[in-house]
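Structure first, then comments.
4 protein chains.
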Amino acid sequence: MKKVFVISALITFLMAFTLPQQKQKIVFFGDSITQAGVKPGGYITVLGDLLKQKNIQDELIGAGIGGNKVYDLYLRMEDDVLAKNPTTVVIWVGVNDVWHKKTSGTGTDANKFEGFYNALIKKLQAKNIKVLICTPAAIGEKTDYTNELDGDLNKYAAMIREIAKKNNVALIDLRKAFLDYNLANNPENKDRNILTTDGVHLNDKGNQLVAEQMLKALYK
Amino acid sequence: MKKVFVISALITFLMAFTLPQQKQKIVFFGDSITQAGVKPGGYITVLGDLLKQKNIQDELIGAGIGGNKVYDLYLRMEDDVLAKNPTTVVIWVGVNDVWHKKTSGTGTDANKFEGFYNALIKKLQAKNIKVLICTPAAIGEKTDYTNELDGDLNKYAAMIREIAKKNNVALIDLRKAFLDYNLANNPENKDRNILTTDGVHLNDKGNQLVAEQMLKALYK
Amino acid sequence: MKKVFVISALITFLMAFTLPQQKQKIVFFGDSITQAGVKPGGYITVLGDLLKQKNIQDELIGAGIGGNKVYDLYLRMEDDVLAKNPTTVVIWVGVNDVWHKKTSGTGTDANKFEGFYNALIKKLQAKNIKVLICTPAAIGEKTDYTNELDGDLNKYAAMIREIAKKNNVALIDLRKAFLDYNLANNPENKDRNILTTDGVHLNDKGNQLVAEQMLKALYK
Amino acid sequence: MKKVFVISALITFLMAFTLPQQKQKIVFFGDSITQAGVKPGGYITVLGDLLKQKNIQDELIGAGIGGNKVYDLYLRMEDDVLAKNPTTVVIWVGVNDVWHKKTSGTGTDANKFEGFYNALIKKLQAKNIKVLICTPAAIGEKTDYTNELDGDLNKYAAMIREIAKKNNVALIDLRKAFLDYNLANNPENKDRNILTTDGVHLNDKGNQLVAEQMLKALYK
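Protein chains in written order, with our numbering: chain Z, 1 to 220; chain C, 1001 to 1220; chain D, 2001 to 2220; chain V, 3001 to 3220.
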C-alpha cells in the first residue's frame, strides 16, 4: 500500500513538470487592428510564433471586426466570444469610439463607453473567463501632443485604466508603451511610420511591440 | 354526447365575452419622450385614462431614459424590460441616434442602428413577447422639409418601417402621424408648439395624439 | 439743324438693332462643381456652346475651387473675381457649407452663411457688377426627402431665396430645378446617376440642365 | 558749431525721457474672451490699470465678439478695426475654430485657419499697423493632456507660432503661459477654476495673467 502511494505521488510530482498545463484558449476581441492581427505578420500571428519558441501551446483566436466600437463588441460577444468557450479574453477597443466623433458624428459618449465596457467585463467574469484590457495605442504618433485627437484619446485611455482597477482585471497599457517608444524613436515628431502605417494601424515594429506587450501581460 | 358538446361550446362562447381576457403587461421602452410619458399628462398616463374609459385593465409600464439611443436600450433590456415579464413591448427610439450626430458627434450609424434594432426585436420575440415599434416623431415641426435633420430622420424612419416588415411586427408610424397633423394644423410652418414644446418633446396635443396612435395599434 | 437731328436719331435707332451690345464678361464663382464646369462637357462649356449658337459673344470665366464654402469665396473675391473686371457674377455655393458639418465638423453656421453671402453681394454691387445667385442643387437625388442632409440643404436654399429678394438680385433656383427633374425622371428614388455622378457633382444631363437654367436667367 | 551740436544732442537725449512718445492706439481683436476683457476686472481693463501705474497713456480698445472664429474677424476687420485707425492690433482667436467642430460641426479647417490668419496680418501690415498674435489659452485646464480638445488646440497653437515667425510678428504665447501656470498651481488636475471659470473664459487670476503677458509683449 505504502509503496503504491509513494510511486503514485512521485508520478504526480513528475507530471506537474513534464505534462502540459491546461491549455489556454485566448480570444482577442477588438476592431480593425485586431482583425489584421491574424494575418501574416499581424500581432496575434507574431505572438503565436513567440509562444511556439517557448513551447507554449495555447490557442489564439482573433475576433476583430473593422470599425467596431465598444457597443459593437457587446452586441456580438455571445456569438464571437462566448460561443468559443475561451479561458481568456483580451479586449482592445477605443480608437473608433473617439475617431468616429470627428469622421462621421458617430463616436461614443464617455459615460456610455464606460457603461458598455463594464458590462463586457462583467459578462465575461460571470463565466469565469480571465479578462485583460488594453488602452488604445494611437491616432497619430506625434509626441508633442498635437495629434488632433490626443486629448480625447488620453481621456478614454485614462478611463480604461480606471476600469481595469475597479474590475480588478489586468491592464495592457499600449498607449503608454507607444508613447514611450515614440519618445525614444521618433525624434522628427512624425505622425506615422514609427509603429503604424497611418497613425492607427500597426506596421511590423508595431505588431512586434504589441505582441511583446501581450506576451508579458498574459504570461507573467 | 351531442348535448354535452353543445353545452360545452355554449360555455366557451359565453366565456369569450364575459371572462376577462389575459391582462396585458405593456412596457414602453424608449428615451426622454417616454421618460416624460408617465408623468401627469404624459402619453402613457393619457393612454391609461383611455383604457379605463374602455374598462381595459392592462398594466402600462414606462421604461424611458433621457438621451437613450438604440444601443442603450439593448444594454438595459434585461434589467428594465425582460425582468418585468411583459406580454407586450412598445419600442420608441431614434431621435437621439440622429440628433447626437450634430450635437455631440455621438449619433448612431445607420447600419448599426438597424443591427441593434433587429437584435432587440429578436430577443423579445424569443421570449414570446409581442413587439410594436414606432418611427421617431419629429426634430422640428416645419412642414416644408427645412427642419435641419429632416433628411436623416426620414431615412431612419424609413429604416424602421422596413425593420417592422422584415420582423413582422406592428408599426406605429408616429412620424407620418405628426407630419399629417402638422400639414393640417401648422399653416405658419412653425418649428415647435404644435405637437411639441421644443420640436422634440410632446406638449398636451402631442401626448394626446401619441396616446391615440398607441391605442389604435395596441387594441385594433 | 432739324435734318441733322433726324438723321442722327435714325442712326441711333438703327445701331440699337444692328450693332452688338456691350459684351458681358461673366464670372462663375463657386466650388468644385464650378471648377469642373469649364472642362469639356462642363456646364460653363455647354453654356458657351449654347451662346455660340445664338451668336452671343459674351465671355465666360470659371472661378470655382473644390471644397469652397461661402467664406472662402469672400477671401478670394478680390483676386479671383474683381481683378477680372466682370460685368456679371454668378455665385453658386452652399453644398460644402452643409456637407462639411458632417464630414469634418467644419461646415458654416446658418447666420454666418447669411452674413458672408450678403457681404459678397454688397461688394459686387458696389462695383456695379450684376449679380445672380443659385441655390445648392443636391446632396443626394432621392425625391422622398430621405437624403441625409435634405433638411439642412433645404434650409440653406430657403435662406438663399430670401437673400436674393432682400438684395434684389436674380435667383437661379437649381435646387427646385433638380427636384422637379428628379420627381419626373427618378421613379426608382435613386440617390445619384440622374443629374449627378455622386449625388453632388454633375453628369452630362446635369451639366445640360444647369447650362439651360443659367442661359434662361442670364438672357431673359 | 560744436557747441550747437552738443546742445542739440543733449536736448534730443532729454526729450527721449521727458516728452511723451507717440500715443499708441491698441485694438484687441477677438472672441468672447476679449468681449469680456473690457468689463470691470477684464484683462483689457486690468492692462489699462497697469498702464496708468506706469504713466503710459495709450488707448486700449476692445473689439471682441462672442463666438467669433478667424474668418469672422476677417469679415468685420474694416468696420471694427481699420476704421478706428489703430497703431497696434492684438489678435487673439482660435478657441471657437476648434471647439465648434465638436459642438456644432462648424469649426475651421486647419488650412483655412492659416489662410485667413495670414490674410488678416497682411491687411494690417499693409496699413503699417503693428500686429501681435496670441495662441489660444485653453479649453480645459487639466495638465495631463486629457482635456478632450487638447490635441487639436495644440495643433492650432503650433500653427499660430509658425504664422508669427513667417509673418515676422510678435507672439504672445498664452497657451504656454497657461500650461506653465497650471503645472505649478493645479496639482489636483482640475479642468477649471484655476485661470478660468469654465475651462475657457477667464477668472480674476486669468485676467491678471493675460494682462501681464500683454504688457510684457506690448512694452518690452
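Each residue gets a CB set at the ideal place from its N, CA and C atoms; glycine is no exception.
Predicted model only: the values in this text are computed from it and were never measured.
Beta-carbon proximity list for residue i, same chain, < 6 Å, skipping 5 on both sides
i         : result
D/Met2214 : Leu2047
V/Gln3024 : Asp3058, Thr3087, Thr3088
C/Ser1032 : Gly1066
C/Ile1091 : Phe1029, Ile1133
V/Asp3198 : Arg3192
C/Thr1135 : Ala1157, Ile1160, Asp1173, Leu1174, Arg1175
V/Asn3167 : Ile3121
Cut-off 7 Å between Cβ atoms - residues of its own chain near residue i, not counting five sequence neighbours on either side
i         : result
Z/Gly206  : Leu195, Thr196
Z/Tyr145  : none
Z/Asn189  : Lys142, Thr143, Asp144
D/Met2159 : Ala2110, Phe2113, Glu2114
V/Val3169 : Ile3121, Val3131, Leu3132, Ile3133
C/Met1077 : Leu1120, Lys1123
D/Thr2080 : It should be noted that the sequence gives Asp, not Thr, for residue 2080 of chain D. Once the five neighbours on either side are set aside, the close Cβ partners of D/Asp2080 are Ala2063.
C/Leu1209 : Ala1177, Tyr1181, Leu1195
V/Leu3050 : Ala3211, Leu3215
Z/Asn96   : Asp31, Gly67, Asn68, Lys69
Bounding residues of the alpha helix (DSSP H) (the contiguous stretch that carries residue i)
i         : result
C/Thr1034 : 1032-1035
Z/Ala126  : 110-126
Z/Ala157  : 150-167
Z/Gly62   : Segment 59-64 is the beta strand (DSSP E) holding Z/Gly62; no alpha helix (DSSP H) there.
V/Val3095 : 3095-3103
C/Lys1052 : 1043-1053
V/Leu3202 : Looking at the DSSP string, V/Leu3202 is not in any alpha helix (DSSP H), and its letter there is neither H nor E.
D/Val2070 : 2070-2080
With 16 other Cβ atoms within 10 Å as the buried cut-off, status of residue i
i         : result
V/Tyr3117 : buried
Z/Gln22   : exposed
C/Lys1069 : buried
D/Asp2072 : buried
Z/Asn128  : exposed
V/Tyr3043 : buried
C/Leu1019 : For C/Leu1019, the pLDDT reaches just 49, beneath the cut-off of 50, and the residue's location in the model is therefore unreliable, although a value from the coordinates is still provided. So C/Leu1019 counts as exposed.
C/Ala1211 : buried
C/Ala1157 : buried
D/Asn2147 : buried
V/Asn3085 : exposed
Cβ separation of residue i and residue j, assumed to be a contact under 8 Å, to the nearest whole Å
i         : j         : result
C/Leu1174 : C/Ala1137 : 4 Å
D/Asp2142 : D/Asp2191 : Note that residue 2142 of chain D corresponds to Lys in the displayed sequence, not to Asp. 5 Å between Cβ atoms; contact.
D/Gly2064 : D/Gly2030 : 5 Å
V/Ile3026 : V/Leu3060 : 5 Å
D/Asn2182 : D/Asn2193 : About 11 Å; that fails the 8 Å criterion.
Z/Ala126  : Z/Tyr74   : With 8 Å as the limit, Z/Ala126 and Z/Tyr74 do not qualify as a contact, their Cβ atoms being about 14 Å apart.
Z/Gly94   : Z/Gly62   : Actually they do not touch by this definition, with Cβ atoms about 18 Å apart.
V/Lys3054 : V/Thr3045 : Contact flag wrong, Cβ pair sits at about 15 Å.
Z/Ala164  : Z/Leu171  : 4 Å
Proximal residues to residue i (C-beta, below 8 Å), its chain only, five neighbours per side dropped
i         : result
V/Trp3099 : Gly3107, Ile3139, Leu3149, Val3200
Z/Pro187  : none
C/Asp1152 : Val1098, Lys1101
C/Ile1056 : Tyr1219
V/Asn3185 : Ile3194
Residue i: first and last residue of the uninterrupted beta strand (DSSP E) it sits in
i         : result
C/Leu1171 : 1170-1172
D/Thr2087 : Taken as a continuous stretch (DSSP letters only), D/Thr2087 belongs to no beta strand (DSSP E), as it is neither H nor E.
D/Lys2130 : 2130-2134
Closer than 7 Å: residue i CB and nearest the ligand NAD heavy atom
i        : result
Z/Ala119 : Among the ligands in the structure shown, none appear at all, so the ligand NAD cannot be discussed.
Inset, instruction - For the segment 2170-2197 of chain D, list the beta strand (DSSP E) runs that are entirely contained and at least 3 residues long, ordered along the chain. - result: Listed in chain order, the complete beta strand (DSSP E) runs (minimum 3 residues) inside the segment 2170-2197 of chain D are 2170-2172.
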